[in-house]
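Going by the working numbering, the first residue of the sequence shown is number 25, and it counts up by one from there.
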Amino acid sequence: MDLNLRKAILANVSDNSQDELEATIVDAIQSGEEKMLPGLGVLFELIWKQADQTKKKDLVQLLATGVQHAGA
């Protein structure tokens, strides 16, 4: 069986509004379920591909700050 997880996740959210996408992200984070991590990864990949260099630097800075706080 050839399961393309990335395509399945994208198909699942392809018709979602911005509010629905936000709810999906919030639900995935609040649930804390490991099974949600691949979906968040796919959504992050979409953000990364759409971001210009300035936004990418901002994202990395936010990530670095988050990592530091998570380790504290």
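Cβ coordinates follow ideal geometry from the N, Cα and C atoms, glycine included.
Looking at residue j and residue i, is the spacing between their C-beta atoms short of 8 Å?
i, j, result
"Met60", "Ala52", "yes"
"Leu83", "Ala75", "yes"
"Ile49", "Leu34", "no"
"Trp72", "Lys80", "yes"
"Leu29", "Val37", "no"
Residue i lies in the alpha helix (DSSP H); which residues open and close that run?
i, result
"Ser55", "42 to 55"
"Glu69", "61 to 74"
"Asn36", "29 to 37"
Of the choices the options, whose alpha-carbon is the least far from that of residue i?
i, options, result
"Leu67", "His93, Asp82, Gly90, Gln42", "Gln42"
"Pro62", "His93, Ala32, Ala94", "Ala32"
So what does DSSP say about residue i, is it helix, strand or coil?
i, result
"Ala88", "helix"
"Gly96", "Looking at the sequence shown, residue 96 is not Gly but Ala. Residue state, collapsed to three classes: coil."
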